[in-house]
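Visitor: Shown below is the structure under consideration.
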C-alpha cells in the first residue's frame with residue numbers, strides 16, 4: 046500500500062486546489078483547459094502578423110491535459126510553429142530570461158497557446174524574436 050500513499054507535496058497541492066475551489070478562486074489549469082479555441086486561433090494569428098516572419102505560422106494543434114498524464118483525453122488547440130532546427134530552437138527558448146517550453150516537431154518547434162496566460166504573451170513574443 047505504500048505505493049499509493051501520498052507525499053507531503055501532493056497533499057499540499059491538493060489542499061491548495063480544494064481551498065481555491067471553496068473560495069471560488071480561478072484555477073489557471075482549468076482556465077487554460079476551457080479557453081475558447083477561436084480565441085487561441087486569434088491570438089496565434091495576431092502574433093504571427095505582429096512578427097511578420099516566414100519562419101512562423103499559426104497552426105492547429107492537439108493538446109493533452111496534464112502534460113500528457115491523461116493521453117486518452119486530447120483536445121483541439123492552436124499555437125505557433127517556428128520553422129528551423131528543433132534542437133537549436135528549443136535551446137534558444139529554454140535559455141531565454143524566462144524559459145519557454147516547446148514541443149519539437151518535424152522541421153521546427155510548436156508553442157501551444159493554450160499554455161500561455163494573457164499576461165505572458167509579450168514575454169513569448171520576445172522569446173520568439175530570438176528564434177528569427
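Numbering (our numbering), first residue to last: 46 to 177.
Glycine included, each C-beta is placed from N, C-alpha and C at the ideal position.
1) Return the first residue and the last residue of the alpha helix (DSSP H) that residue 69 is part of.
2) Relative to the alpha-carbon of residue 129, which residue among 135, 139, 153, 146 has its alpha-carbon at the smallest distance?
3) Taking residue 172 as part of the alpha helix (DSSP H), name the residues at either end of that continuous run.
4) Since I believe residue 123 is in contact with residue 86 (beta carbons under 8 Å), could you give me their beta-carbon distance rounded to a whole number of angstroms?
5) Please say whether residue 127 and residue 100 have beta carbons closer to each other than 7 Å?
6) Under a three-way DSSP split, which group does residue 107 fall into?
7) Note down, in chain order, each residue of its chain lying with its Cβ closer than 7 Å to the Cβ of residue 93, except the 5 sequence neighbours on either side.
8) According to DSSP, is residue 136 part of a helix, a strand, or is it coil?
9) Spatial neighbours of residue 80 within its chain, please: C-beta separation below 7 Å, excluding the five flanking residues on both sides.
Guide: Judging by the given coordinates:
1) Counting from one through the chain shown, the residue named residue 69 turns up at place 24. First-last for residue 69: undefined, no H or E at that position.
2) Looking up residue 129 in the chain shown gives position 84. That would be 153, whose Cα lies nearest to the Cα of residue 129.
3) Here residue 172 refers to the residue found at position 127 when the chain shown is read from its first residue. It spans 166-176 - the alpha helix (DSSP H) in which residue 172 sits, taken as one unbroken run.
4) In the chain shown, counting from the first residue as 1, residue 86 sits at position 41. In the chain shown, counting from the first residue as 1, residue 123 sits at position 78. Right, their Cβ atoms sit about 4 Å apart.
5) One-based indexing of the chain shown puts residue 100 at position 55. One-based indexing of the chain shown puts residue 127 at position 82. Yes, the Cβ-Cβ distance between residue 100 and residue 127 is below 7 Å.
6) Residue numbering aside, residue 107 sits at position 62 when the chain shown is read from its first letter. Residue 107 falls in the strand class under three-state DSSP.
7) Working through the chain shown from its first residue, we reach residue 93 at position 48. Closer than 7 Å at the Cβ level, and outside the excluded window around residue 93, lie 101, 102, 103, 125.
8) The residue labelled residue 136 in the question sits at position 91 within the chain shown. Three-state DSSP puts residue 136 in a helix.
9) For the purposes of this step, residue 80 is identified with residue 35 of the chain shown, where counting begins at 1. The answer, listed in chain order, is 159.
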